[in-house]
Every structure is written in structure tokens, then in C-alpha cells.
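In UniProt numbering, the protein residues as written are 1 to 769.
Have a look at this one:
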């Protein structure tokens, strides 16, 4: 539908699906726009309009209000829009408008509200915006705007609110803030949000003259220097966010003396030190105090004693080595979010915590000890991991907890049996009991009404079988039962858990065959780790049906037979993984998936980069036959370990096709023939072991192989010769490397040289685990 022929000037919301299209002739355009020359208000928000704003839009000289927000409009803001001298309100937010902000916007002398937020606008703010002396509300957030805020915008003495967060704004604030501070009557600005940009320099001291400012958000920038003392004079200030900068200096009571209306304060993640006396009582009653990494320690801040309205308190990473004072647990703080993690808190938790009406409690990474007390039934999140808690979990701890969704108790000294009351926690999504001393058997009371998505009981002393009722958990995504004493078979009921992404049952005493239904039913699986058990029989070829599988670890079992050629069909190992999305998706917010991969002769613990890892480890079994050529299709495979089996025949000649390979271990087999020259094309290879086979002939050289100077990686192959072995090959006296071999290697380098395009990928593994 053509905009000029719209019969109504206000068609919002959701009037129809239409688009901006120009009339098909100049005459029709003139007549069409003539109908609207006296149009005062145009409201087309919340429709599905696409296309561009017509260039002739600037002919609507009588227009005062235009709202085209929340559509699919693209293109740029037309220059002609500067002709609309009567325009007071312009809303173009939540579209797909790109390009720059036209300088002609500075001609809109009557403009009071300009909202172009959440578009794709780039470049910098034009100086001409400083001519909009009547402008009251400016929203440009959620774009790609760069450059500095022009000093000319300091002329906007009527500006009440500026939203410019989530852009790429650079430079300093001094010109803009100093301009506002010079307004004849005090600036009327009360709302300034510039967080998530690239603003640098110091916070101007003149900011203290903005006495009307209620909300100041400068978080997540590159600000440096001290917080100016003048900021403490902003008596109207209610919301202060200076987090995640590089601010330095010491804050004292004087910095807060006049902030009587302060309701929310975030100073976390700077280089600040807060120096307050133990008897100081703040003049404000805040609902949110976030002071992570502010060097508040070593004492627990006593000034919190009069903060009775708190809903969010973050004291993480402050070097506090004190015990919780009794008065803290006696505060009546409903729905409190409490984070005191990464400190050195000591002592035990008071039984008063049962009456502490909190919503979220994170006390992880401290030195808290003693028994875990009962918790309030309204608690939804509890993280006590990485402490020194001991003793058993209270038997009825999870019973009657209607809100409990996350319970993280890993890496303590807890013992006893795992309470069956966890089966009664209907809303529990994450249960992490890893690395404790729990014994006995796993609860066998799970049912299909439970919301459990992640169960981690790894690193304990649990024995017996895997309970059949685990298969009744319809939402289960991650199951870690590794490093225990479990025995018996993998229960067939687990095939009902269609959402399973991770199965880690390694380091147990499980037996029987690996079920074929794992490949047939669990199509979402990314990690299958069954190493160091007692599984027998052949590897089921059905595992290759799992297109998403990235980590397959069946090492150190009693598996026999051939390696299925269909393993060359693992889609996630054929393509190069380049995403950073967590393996578990949104659940990773409160639980970090962690998998140990035996590679490069080391045990590598992958967490944050696990989504990028691809690995096959079948070592330490009784597999025989040849290594299938089909495996060479796994171009995205990083780690391959087939050592200590009974593989025979030649190594696949096109081994160099696995271009991302970083670790290759084929040692301890019966492989024979020459080592393929294509192995020199593995440019990312940093670990190689071909020892104890029956290879013969000259060891290939060139490219990455020049870095492998340790002869032990070829030991046990008596017919091999050439560097790095001391044994010389026939003809070495005439030439260290025969011409034929040299030419062959040069050809390989040309063929696989393009792999260096991805050279930046490998360092991610160095820092990621």
C-alpha cells in the first residue's frame, strides 16, 4: 500500500501490513502528497510496514507529530525531514533504519522529542543537534553510533532525558557536561544513560552542578580517574551506575553525605577502595547496592545494618575475611538477591538463615564451614559451592521448597547419602553435588513431574546402579555421574530423555554393551563420555546418527571389533565449529558445563570453549582392522586418539585432510607401511605420537613436522629412518632429503596452505580451559 494514499492519519496499532512505495509518476506523487499537506499527526506505529521513508516526506510542512516506531522500515532518514519546521515529536524507534543521522535534523526548531532508538544507525552524532534548543527527550540507544558526544549538545538546556546506551560512542564527556552546567538556570536534565559504550577520560567534576539529575548510568565504558567529590552534591540522585570502568581512588563517607535519595548504586568492577568507619550510617535507604570488587574488606561492612529495604546486595570479590554478623541474618529482607561470593568469609552459617526471606543466595568461593542449615522454603537459588562445608545434607532440605530452582553444593566436604527429598523439589532445574564425599546409592524416586535439567554428582563415592527412574526426567539435558563407583548397565529408560546434551559416565565400573539406542534416540547429544569403565562388545555404528556429537570418549574399556566407517558422518566434526554459544544454552547462566578431554598427552578441562571442541578418543580398547578412510572427512576434528588398540594395515594416505587436527595419537597399534607425506599438511598439529607400530621408511618432514624434534614419538618402529631419529636413511650421505621427497612436500604445502586462514582459531584453546 502506498503511503500517500492512506485514508487515515492514525492507523496504529496493527492496522495492516503495508510498505512505503513511491507513486509511479511525478504528477501522481504531487497530487498524492497534496492530500496530506495539512496533515498534523501521523501515527503508524506497531504495524508491519516495510520499505523506506519516502524522500518527499519532507513536504508535509504542517506535520507536528510522527510515530513510525515498531515496524520494519529500512533505508535512511531522508535529508528532507529537516523541512518539517513544525515537527514536535518524531518517533522512528525499533525499525531497521540505517545510514547516518542527517545534519538537517538540526533544522527542526520546534522538536521536543526525538526517538530513533533500536535501529542500525551508524557514524557520529551531528553537531547540528546542538541547535535543537527546545529538545526535551532524545533517545538514540541501541544503534551503532560512534564518535564523541558533540560539545554543542551542551547547549540543550531544556533536555530532560538522554538515552544513548549500547552504541560505540567514544571520546570524553567534558565538553557536553560542562556545557549543560553553564545553563543560565540549572539544567533540567534528570535522566542520563550512556552505559555500554566506549567513553573514556575522567568523569567531569562539573557533573555535580546537574542538580536535577535523578538517574546517572555510565557503566561499562572506559572511564578512568577518581569519582569526583562533586557527585556527592547531587541531592536528587536516585540511580547511580558507574560499574565496569577503570575508576580509581578511595571513597569515604563524605562522597555519600548528601545522597539522601539514593535508591540504587552500582560501583562494582572498578579499582576503587571504600573506606567507611564501622559506626557510619548512610543517609539513604537503598534497594540495590552493588559493590563487587570495591575492596570493602577485611571486615564485613557494618553500615549495612540500617539498610532495611534491600532487594539486591552484591559484595563479591571484596577481600572480606570476616564472619557473617548475627544481625545480618535477622534483617527482614524479602526477595533479596545476595551475592557475597569470591571472598574469604569464614565461620558457619547461622540457623537464622532458615528465617532469612531471600530469593537468591550466592556464597560460593569462600571459607565457610560447618553444617549446611535448613533453608527458607521461598529460596529459588542457593550456591554454596567451593567452601568447607561438611557433614550430611539435611534429609528434608529440599522438601517443601516450592520455589527452589538452582542448588549448587559442589566442591565441599559433604558426606552421607544424597537425600531423596530432592525428588520432591518440583521446580528444581540444576542440582550440582560434584566433588564431595557422598556415598550410598543414587535416589531412585525421580518422576516425570520434575523440572530437573542438570544433575551433577561427579567426583563422589556413590555406588550401586544408575536408577531406572532417571529416565522419567523429561527435561534432563546434562547428566554427570563420572568418577564414582557405579556398576551395572546403562538403564534403557534414559532413551526417553530426548533433550540430553551431555552424558558423562566415565570412571565407574559400568559394564555390558554400549546401547545402540544412544545413537537412535538421543539426537541432541553433543558429549558422550564413557571412558574407564568395563564395557564390552563392538562399538554400535548407530552412534554416527548423532549429527550434533562433538566429543566421543570411549577410551579404556574392553571394546572390540572394527571402528565403524560411518563415524566419518559426524556432522559436527565435518564442519569447523566457530560459535561461542554455550553447550547447554540458557542453563549455562548458573552452571558451567565442564568436560575433561585427554589430548596432547594431558588432561584438558574445557569449559567456556567447550562448544568449539571436537574430539574422538577410543584408546585403550581391543579395536582391530584398518582405520577407515571415511574418518578423513572429519575436517573439523581437533583431537583423535586411537592408541593402544590392535589397528593394522596402512595409515590413511589423506590423513592431512583433517585440517583442524591438533593432537594425533596412533601409538601402540599394529599399523604398517609408510607414514603418509600428507601428515605434514596438519598445520595446527601440536602433539603427535606414532610410537610402537610397524611403520617403515623415511619420516616425512616439512611444514609443521619440523617442530617435532622428540624422537620418542617414533620409537618402537625399527624400520623408520631419518630425523628426528638418529638412524639415517639410505642415500642420506648424498642428500639429507631426496629431491622426490622435497617436491612431494612442496606440493603438499600448496595443497593445504590455505589452512593458515584459520590460524587464529587454535589460540582459543590455549586460554579457554
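We put the CB at the ideal spot given by N, CA and C, even for glycine.
Please identify the residue among the options whose C-alpha is closest to the C-alpha of residue i.
i: residue 627; options: 568, 377, 193, 270; result: 568
i: residue 446; options: 471, 338, 136; result: 471
i: residue 335; options: 546, 540, 311, 325; result: 311
i: residue 414; options: 406, 368, 402, 455; result: 368
i: residue 321; options: 296, 303, 571; result: 296
i: residue 121; options: 453, 190, 723, 141; result: 141
i: residue 719; options: 731, 524, 699, 398; result: 699
i: residue 465; options: 274, 492, 168; result: 492
i: residue 250; options: 230, 236, 271; result: 271
i: residue 247; options: 255, 268, 233; result: 268
i: residue 517; options: 209, 282, 539; result: 539
i: residue 668; options: 624, 703, 681; result: 624
i: residue 173; options: 183, 154, 167; result: 154
i: residue 444; options: 566, 424, 432, 169; result: 424
i: residue 678; options: 722, 642, 150, 632; result: 632
i: residue 394; options: 419, 388, 559, 411; result: 419
i: residue 187; options: 402, 161, 197; result: 161
i: residue 307; options: 288, 82, 441; result: 288
i: residue 76; options: 592, 661, 48, 97; result: 97
i: residue 604; options: 662, 39, 152; result: 662
i: residue 240; options: 191, 706, 560; result: 191
i: residue 558; options: 550, 548, 536; result: 536
i: residue 51; options: 42, 38, 61, 74; result: 74
i: residue 778; options: 57, 611, 653, 683; result: Summary: the structure shown does not reach residue 778, with the chain confined to residues 1 through 769, and so no result is reported for it.
i: residue 597; options: 551, 456, 642, 676; result: 551
Which class does residue i belong to by DSSP, given the choice of helix, strand or coil?
i: residue 183; result: coil
i: residue 338; result: strand
i: residue 673; result: strand
i: residue 79; result: helix
i: residue 531; result: coil
i: residue 290; result: strand
i: residue 694; result: strand
i: residue 729; result: coil
i: residue 56; result: helix
i: residue 572; result: helix
i: residue 604; result: strand
i: residue 423; result: helix
i: residue 68; result: coil
i: residue 139; result: strand
i: residue 714; result: helix
i: residue 684; result: coil
i: residue 417; result: coil
i: residue 519; result: helix
i: residue 304; result: helix
i: residue 228; result: coil
i: residue 12; result: A caution first: residue 12 carries a pLDDT of 43, below 50, which makes its placement in the model too unreliable to give a value.
Identify, in the order they occur along the chain, each residue of the same chain with its Cβ nearer than 8 angstroms to the Cβ of residue i, setting aside the five sequence neighbours on each side.
i: residue 238; result: 214, 215, 261, 262, 263, 264
i: residue 257; result: 232, 283
i: residue 26; result: Confidence at residue 26 is low in this model, with a pLDDT of 49, below 50, so its placement is unreliable and the value that follows should be read with caution. Around residue 26: no qualifying Cβ.
i: residue 644; result: 619, 620, 621, 667, 668, 669
Am I right that residue i and residue j are in contact with their C-beta atoms under 8 angstroms? What's the rounded C-beta distance?
i: residue 664; j: residue 685; result: 6 angstroms
i: residue 324; j: residue 350; result: 7 angstroms
i: residue 194; j: residue 164; result: 5 angstroms
i: residue 224; j: residue 202; result: 6 angstroms
i: residue 511; j: residue 529; result: Wrong, their Cβ atoms sit about 16 angstroms apart, outside the cutoff.
Note down, in chain order, each residue of its chain lying with its Cβ closer than 7 angstroms to the Cβ of residue i, except the 5 sequence neighbours on either side.
i: residue 358; result: 333, 336, 338, 376, 379
i: residue 135; result: 111, 112, 114, 156, 158, 159
i: residue 601; result: 687
i: residue 485; result: 461, 462, 463, 508, 509
i: residue 713; result: 688, 689, 690, 691
Give me, in chain order, the residues of the same chain whose beta-carbon lies closer than 6 angstroms to that of residue i; leave out the 5 immediate sequence neighbours on both sides.
i: residue 556; result: 531, 532, 620
i: residue 364; result: 341, 383, 385, 386
i: residue 724; result: 709, 711
i: residue 716; result: 691, 692
i: residue 79; result: 102, 104
i: residue 360; result: 337, 381
i: residue 89; result: 65, 113
i: residue 70; result: 45, 46, 94
i: residue 573; result: 614, 634, 636, 637
i: residue 196; result: 165, 166, 220
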